[in-house]
Structure formats: structure tokens, C-alpha cells
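Residue numbers (our numbering), protein chains in the order written: chain A, 1 to 550; chain B, 551 to 1100.
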């Protein structure tokens, strides 16, 4: 028998609306129209203007045929158009596909085709890569060029224009009163972000409005980000939509400080000039900040919150960051969970422990965000939780509203990832008695270099194609600056006379620069009796090489 | 044609979970088990213990037959069991029905019957009212007595026990490892709160898990409530589930400081002893704080955030509160929108304006919470927005995820309230050019006294039953302490010799004390030519009487 609470109490327009982060911007523009939403170079954009420009852009995109379920790609640095794209593209019902600007033309071409891109907003600074990519694509997206005025102001060279329309002209031709579209359903896609994954082809991770809304708010609650926070963009927005911070900032009516490049002088100037309160980035950003020339460093007028992910912050860096005035919080996530969904939620009692112990506590990945309903380390076969002993290895798994919709046009990979009703991260870890998790190894063979994922398999495939290589295995080598770099183990054909320089040149030709191995070990590769490469032995060897090189 | 984003990207257990505030507590207990969740009298309850007790209570309730869709009522003051009920009752799938402890037995009996209450947790301090109510109910809920140890410690009298089970025994008999129930659907009811409404019978406003989760987070974001905030309970939890703060505090792993009664000495002691950071209450709570004897006041060691609703805070009170160290934020809402859904979001630029102007800006009800998708003032006939001129009157309407499911077992009232896809508040207001709304009048004839709603119609009905009264109209009279009190205009039968004392006695017999008119005006009541009472004239007259009395 149905309960009395299930009778005559249906959803209707008055009591049910799709969750979306788009309404955050409308609210911020209404309530704080004159407040600065975006700072970039000498430019200051108020919330009223930001919202107006987004509506104009959405209207212009709509006029060019972009509608519900279409893909709009963006090859943009951390500049205002990237923030505008995060609102304007979904405002016409379309899906934002932010391209990693460091990728090579081949991967970009693959993504544009796979996502069936209809329109591409591209910064002229990346024209050469895009031009090369478009030579091979099946799709022919409408091209909109963004000529960054900051580059011009600094008299720096930019690439040629590829399209027929200029971004600023496109925006200014749009309707500032455009009646933008709410999603039909909160499950509608808002963006697609490609991951390098384990196998050759990148996978398109699809986010929905519901998850973006919840993680955007989750950032604010988890990190206690108050009204009018000032956020510095050192994390690329093409990474998991900047961990949803483009939307979080509107929720708190805060200010985005954009930086085209992560340079020490620009970071320190921005921290000082704009009274930055929060920033995010890979550990390499912390090194950049700390290793800045003394003359560019400035005393901070308040504590700045720094959120880092990709690798645990080392003790030395933590101490130096604290001394420089930063409070570092360690986050963890994957593209499949909208960026960070796990936080090393700091316990104030730990403050009294010795620095080394604090660092090992901070090295743990931590506990779930609110917006992630379940986080656990499970036996990948039985899906039983591992004992909370800090020792038993299992696979880190996620369940909740900030887990992706799935992989675009890839039923098999989606089903595999969601097997048994959990998202399988592929990361191996342990759970401590206090419930905090720590990663111990990666089953996915991903190398994280400067916050960028590198698929070891992709690099191996390039090496395998070299005519004189008979076997290759690539693993992560610890690196003081980048966290990790690829280290290649290769077996050469008998009588081969190929040099390290030759191998480097070969890789550079076929891979984006950051994926090129920094070290080669030539000789027999350690394998099991059944011929399986023993990657853990190679990792140990790479670690020894790294230490020896120090 | 379906978009590529709608193919093979379905919801499953891994990527979709019902929104609920219950998971907040599980997380707080895991991450901060030793942190103090609740302070009451000499009692301190950690998060681990709070969660354990909630699971025990949920298990005990389940063992007594409480399950999905059942109603569990609570007649409790702001004591730990009331917080526990906010988690434990929905943890067994049931619906929490918190009774306003100030109501009379008749109204309580009506609510217990209407909600089909299966179990009632009742503080022995309210036994006489409950005993009287149960004499007339159709339902026979299982009774659980809570004997407040603070009353005993203070050697204060409590009423007799009505049931066969003691609350603490019930809890301690429960299973601390109980596998509590997530809602089947986020649309499932979590609580029912009765409003006095305009017509005779109270209406049962049904809240769902989705809305409770979103408003609980909305409080934290809207008010920038940080991790580990300390919240003082001066707002009754039976009001709209304490504006969802019982759930907000778990989201930020904060501390609840419970107070049985809103007394100046207890408030000041708690503010000081527990380093309170936030509290909520009707304007009468501010008066209580400010008018405290000098010897109980203490200097605040930090700014305390005070959230007030029900009536705009007067200029004098704002100035005094600021001087005493409080930052006052004005909220607005109704039972139907989970308590506050509108905030006078303060613009820092206004700080430089003269005090009087600041007070008039602060008197405005404001703008929507994020969790409320739309707020507007519409023509109630056409549903067209009124001009943003600060003058044109319309009806305040709401649309969004923190609007109730509807009225329990009252299809007609629900349909009426949601006419045209908006929730019709019944409040009349204007919109200023900056988008902030301000209430100007109430179409619902509600009097708000000390934060409690009084239906003028209910009081009129009582008066009409008096044998010597031929006509009666009740309106709000401004009151320095209570905000408003009921003022009755009555026409007596010819030759009647009834006195004001007789009328007061009559009302006291039939109404809860706070609903009894504080003032009577005997004589002809102003009516229109068609015989309709001209309430606005009566309100003006009552206002004059109030001023004259000052």
C-alpha cells in the first residue's frame, strides 16, 4: 500500500527544477552586478558584463545552429573566453569539449572527430596545432578565432587566424537578453573531457548538469570557500573543467584571476595585486611558486589556500609553503569524478604532531567530498571492502552523484568501469583505521607529469612502431620538478645501431613534448615466466636511476 | 534524433544516488569522530556518539514496526533527542513530524490524527498537553517519554510519564551497527511540518530528502558557514526543521549548542563558553539578547553571525546588535520553502551609507538562495512579473527544489498553491530595480508574534463562537518585543455586558497563550459597501494604538 506521502504530491514546475550550475551566474549577476567577476591582464569584467557576454555568446552560437546535444570544442588557455564557454555553451543546450592545449595534433583530431565537434573556439596562439589537426579530421567544425589581447599587448607573436569569425565580433553580435536554455533534465550532458586512459584511444568522459552543480557547491563547502573569494587560475580549465571551479566561483560571487601561463612572476604579482584567497594546481605549481626569484616574491597579506592533487605534497614543500603563507590541502580524483572528489580533510588535532608525521598524514588522499556518496577500497573481484588496516591493497572505487555519466560512444568501456555498481578507478590503495584512504599504486599505468596524465601504453605504442625496437615498456620515474616523467625500457633488434638521440627524435615526432621519455634504458626487459612485463621491477629501477641522478 | 550524449549513458548505482542530508552525518562521524557534535547542559556528544545513537534509535524504531512512509511525531524542546530524531526517523524510512510545543492540545490532536502518527517521542515537560491531546485523537501512537536530565539537574518539575518506554532505554537497546535505509528516491518525504495557514485546519507541509539536502547545503553557502562552525539553538527546531540547520551542521562538521529555553542568561553564557559563531532567531531573540541584565552580558571574542527572519530588523536593533558584536543577516521564507529561501545578501558597498539607509536596505527581504531556482513578484492573475520599480504590488512566488512536495492529503490546497507552476506565497511585495524584493502586506492574514505564525482566522473563529459576539476581525498590531501581537476588533450583541477580561478568559480557554489578542477594540468594524471587512483600515488603526501606547 502506498504511503500517504506518495499520494497527490507529484513533481511540478513549482517544486522541481533541474539542478545546474548555470543559475549560479544568473544569481551572481543579479545580486552583485558591479562586482568584478574576471580579472585578466588589464581587463576587469563585472558580473553583469560576464553574464551579458555569456548570453550574447549563447545567442550567437544558437544563431549558428548550435543546439541541444551538440558539441562545441574549445582550444583555449585560462582566459576569459574559457570561462564564458563554461556557461554559454550549456546555455544553448550544447556540450563543452575543452581541449588540452598541450596535446599533439593527432590526439586533438581524434577528439574532434569522436565528439563530432560542430564548432571550435580556438586561441590563435594554438593555430599551428589546430591547423595540423584539421587536416586529418572527418568533421569540419565552424572555426571561431580568439586573438588574445594580452599577447598583443605584450608584443608576443600569435598564430594565424584559421576561421572566418572573430570571437569578440561573435560575442558582440549576440543578443544580451537571450533567453538561454535550462537543461531539459539535470542528467543532460554539460561537458565532455577526454582522458588518456590505458588503451590507445582517449575516452570521452561525459559530465551532467546535476554533477557539475553538486561538485561546484561541494568545492565551496569542502574547502570553506566564502562569499567573494578571489581565485587564481593556475590549474588549467581544460582539466576536468578546472575541477568545476569555473562554476564554484559564481556560487560564491567570487573573482576569477586568469593567467595565460603558469609563471612565477605572474603568480606572485597576482597574489599580491588581487588579494588572492584560493588557488589550485599540481605540485609543480608549488615548486614554481617556491623556486621563484627572490625579487618576484612578495609577502602575503593573508593566508592563501592552495589545493593540490595528482601527487602527495612532499614534507619539504609543505613546510616551505606554510612558511610562505599558504595552507595546502591535498585533494584526489580522476577525470571520471569531475576532478577532485576526495579530500585530505585536515584534523586540527594533527597540528601538534611532528612535521614529518604531519606530512605523512597529509600524503594520504583522504575521505569523500559530500557530493560523492561513497568512497571505498574494495577487492576488485568480490567487491568486498578491504580491512581498515592501512596495509591490505584493494582498488579505489567511487559511487555517487559526481561520478560521470559514462564514456561517450563507448558502451563496453562504460560497462566495464561501472561493473558491480561502483566506478572502478584503477588506482590501488589502502584504508587506514580512521577511514582515510591512501593510493599505493596504479593499475592503469598512468604517468602523471606536471599534473598531466600520460598513458604509458600510448608511449609504448610509439616506441613499438620504431623499426629497430623489438620490445618497449614505459613507467613513471620520480622527478623533483614534474612529479613523474616517462622512463622507457627498450629491447633493440640484433645488430641495431640506434642511439638515444634517435629514439628521442622519433618520440618527439609522434608524441606531444611532455610525453617524450626523459630517460631510456636499453637492454633486456624484466618479464615473468609467462612473458608478462614486470612493471613493478621497472618502476623500482627507474626510481633508483632517479635517485642516482640527484 | 537522440543526441550522442543520450545514448548508452544511463543512470546506475555507481553514478546516481538519491540526494539526502543523512549521508552528511555518516561522513562527519567518519572524518571527525572525536569532534563535539552536541553540547547540552553538562553533556558533550561526539560525532561518533551522535551517529551511533542515531543508528541505535533508528534500529529501535524499526524494531517497533516503524518503516518507510510512517509518521513519527516529536514533542521536544531544542534538546539532543530532537537532533537525533532528525536523522534516526528518516534513517528507518519514516517521516519526522515535529510538533510546535507551544500549541494547544486541540491542534496537536488534529495534527497527530491527520499525519496518522504511529509513534510519539514526547518530553515529559509537555506531558499535560500531550495527555490532553491523546484523549481526543483517533490514532494511538506508541509513546516514548524523554525525561530531560537538565530539568532534573536543575531540580525543576517535569510532568508524568505517559508511555511505557523511556527514550534513553529505547536508544540504548538499539543496534549501533544498524544498516540504516537510504531513501528509495530523493523525492521521498523526510518530514512534515504543519502550518497554521489561513483556514481553520493546519496544513501538513511535506519536505523531501532532495530539498532538505539542498537547503542544508544552501545555508552553508549562502551564509559562508565554515568547517567546524559552532551553532547556538535559539530557533525552535520544530520550525521548518530548524530551517534545516540540524542537517547543515553535519555538512560542516560543526557543533550544536542546545538550549531548552531562550533565556538571556543562558544565551550569553553559551556564546561565551562555547565560542558560538552562528545563531538564528526571530527578532524577539535579538531583543532578549540586547535587553539582558548587564551582569549576564559578556564581551564577544569574535563577530557572531545572527540570522533573523519573520520581520525586518529595526534600525535601533541593528545598531545595538552591531555594537554588541553581532552581524545580522535578514532572511525570509515560509514553511512551504523549508524555512529561509530568500536572503538579504549584503553588498559591502552599502557599509558606507548612513545607518538609516542601511537599515532600510536591510529591511528588504532580498534575493533567492541558490537552492531556490526562481523568486519573483508576479501579478497573481496573469503571472506576469511586476515592474521592478519598488512600488508595484504583486504576489511573492517561488519555484525550485526547496519548495515543498505539497500539502499532505490535501490535493485541493496543493493544486491551489502551485497554480500556474509557481508556489503562491500569499505574501504581497514589490521588486526594486536591483532585484531585491520587499514584503508590503500579507494576503494570508497571518500574524507573526515572536516568530510564531498566528492565523487571524483561527482567532476570529474562537471569538465568533462567543455567544455575545456578532462580528470579529483580528489583525496584527506592531509590538516592540514580539514584532506583532493579535489585535481584535469585535462587535457585541445589543445589550451585551461582556468585559475585556471576559473576552481574554474566553480566548485563553480556546487558544494557545501566544494567540490570545493583547488588545480589543469594541465597536462597529469598518466594512466595504459589500460587507467585506476592510482589514487594511483595521491594521492602520491597530498601528496607531500601538504607537499611542508607546
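Cβ coordinates follow ideal geometry from the N, Cα and C atoms, glycine included.
Kindly say whether residue i, judged by its beta-carbon, lies nearer than 9 Å to any beta-carbon of chain A.
| i | result |
| --- | --- |
| residue 924/B | yes |
| residue 573/B | yes |
| residue 648/B | no |
| residue 897/B | yes |
| residue 920/B | yes |
| residue 587/B | no |
| residue 1087/B | no |
| residue 1083/B | no |
| residue 577/B | yes |
| residue 846/B | no |
| residue 892/B | no |
| residue 917/B | yes |
By the DSSP assignment, the alpha helix (DSSP H) with residue i in it spans what residues?
| i | result |
| --- | --- |
| residue 504/A | 500-510 |
| residue 386/A | Here residue 386/A belongs to no alpha helix (DSSP H), and DSSP marks it neither H nor E. |
| residue 553/B | Neither: residue 553/B is in no alpha helix (DSSP H) and is coded neither H nor E. |
| residue 575/B | 572-581 |
| residue 599/B | 597-613 |
| residue 634/B | 630-641 |
| residue 905/B | 905-912 |
Mind checking which residues open and close the beta strand (DSSP E) that includes residue i?
| i | result |
| --- | --- |
| residue 452/A | 452-455 |
| residue 395/A | 394-399 |
| residue 1070/B | 1069-1072 |
| residue 623/B | 621-625 |
| residue 40/A | 36-40 |
| residue 98/A | 95-98 |
Report yes or no: is there a C-beta of chain B within less than 9 Å of the C-beta of residue i?
| i | result |
| --- | --- |
| residue 195/A | no |
| residue 198/A | Here residue 198/A scores only 47 on pLDDT, less than 50, and its place in the model should not be relied on; the value that follows carries that caveat. No, its Cβ sits nowhere closer than 9 Å to a Cβ of chain B. |
| residue 33/A | yes |
| residue 73/A | no |
| residue 212/A | no |
| residue 3/A | yes |
| residue 129/A | no |
| residue 364/A | no |
| residue 30/A | yes |
| residue 206/A | yes |
Any heavy atom of the ligand FMN closer than 8 Å to the CB of residue i?
| i | result |
| --- | --- |
| residue 456/A | The ligand FMN is not part of this structure, which contains no ligands at all. |
Give me the Cβ distance between residue i and residue j, rounded to the nearest whole Å; I'm assuming they're in contact under 8 Å.
| i | j | result |
| --- | --- | --- |
| residue 260/A | residue 148/A | 7 Å |
| residue 818/B | residue 890/B | Actually they do not touch by this definition, with Cβ atoms about 25 Å apart. |
| residue 693/B | residue 670/B | 6 Å |
| residue 284/A | residue 481/A | 6 Å |
| residue 643/B | residue 731/B | 5 Å |
| residue 255/A | residue 219/A | The pair is not a contact, with the Cβ atoms about 15 Å apart (cut-off 8 Å). |
| residue 638/B | residue 607/B | 4 Å |
Uninterrupted beta strand (DSSP E) stretches inside the region 103-158 of chain A (no shorter than 3 residues) = Within the region 103-158 of chain A, the complete beta strand (DSSP E) runs of at least 3 residues fall at 117-123 and 142-146.
Would you mind listing the alpha helix (DSSP H) stretches within the region 716-802 of chain B that are 4+ residues and don't spill past its ends, in chain order?
-> Within the region 716-802 of chain B, the complete alpha helix (DSSP H) runs of at least 4 residues are 717-722, 759-772, 790-793 and 795-801.
Going along the chain, which residues of the region 5-18 of chain A sit with their C-beta nearer than 9 Å to a C-beta in chain B?
-> Those residues of the region 5-18 of chain A that come within reach of chain B (Cβ to Cβ, closer than 9 Å) are 5, 6, 7, 8, 9, 10, 11, 12, 13, 14, 15, 16, 17 and 18.
Can you give me, in chain order, the residues of the region 388-408 of chain A that have a beta carbon less than 9 Å from any beta carbon in chain B?
-> Per Cβ criterion, the list reads 397, 398, 399, 400, 401, 402, 403, 404, 405, 406, 407 and 408.
Proximal residues, the region 215-233 of chain A versus chain B, C-beta separation under 7 Å | Close to chain B, meaning a Cβ-Cβ distance shorter than 7 Å, are the following residues of the region 215-233 of chain A: 217, 220, 221, 224, 226 and 227.
Which parts of the region 822-881 of chain B are runs of the beta strand (DSSP E), unbroken and 3 residues or longer, counting only runs that do not cross its ends?
-> With a minimum length of 3 residues, the continuous beta strand (DSSP E) runs that stay inside the region 822-881 of chain B are 828-831 and 854-858.
Near-chain A residues of the region 709-742 of chain B (beta-carbon distance less than 9 Å), N- to C-terminal order = Taking 9 Å as the Cβ-Cβ cut-off, the region 709-742 of chain B approaches chain A at 732, 737, 738, 739 and 742, given in chain order.
The region 663-674 of chain B: positions lying closer than 7 Å to chain A by Cβ | Hits within the stretch, in order: 666.
Going along the chain, which residues of the region 241-262 of chain A sit with their C-beta nearer than 9 Å to a C-beta in chain B?
-> Residues passing the 9 Å Cβ filter: 251, 252 and 253.
Taking the runs of the alpha helix (DSSP H) that are 4 residues or longer, which of them lie wholly in the region 949-1023 of chain B?
-> Those alpha helix (DSSP H) runs which fall completely within the region 949-1023 of chain B and span 4+ residues are 961-967 and 1006-1014.
Along the region 1029-1060 of chain B, what residues have a CB closer than 8 Å to any CB found in chain A?
-> So nothing in the stretch comes that close.
What residues in the region 411-438 of chain A have a beta carbon less than 7 Å from any beta carbon of chain B?
-> From the region 411-438 of chain A, only 411, 414, 418, 421, 422, 423 and 435 have a Cβ closer than 7 Å to chain B.
Against chain B: residues of the region 43-75 of chain A by CB proximity under 7 Å | Only 68 and 69 from the region 43-75 of chain A bring a Cβ to less than 7 Å from some Cβ of chain B.
Residues of the region 626-659 of chain B with Cβ closer than 7 Å to any Cβ of chain A, in chain order = Here the close residues are 645.
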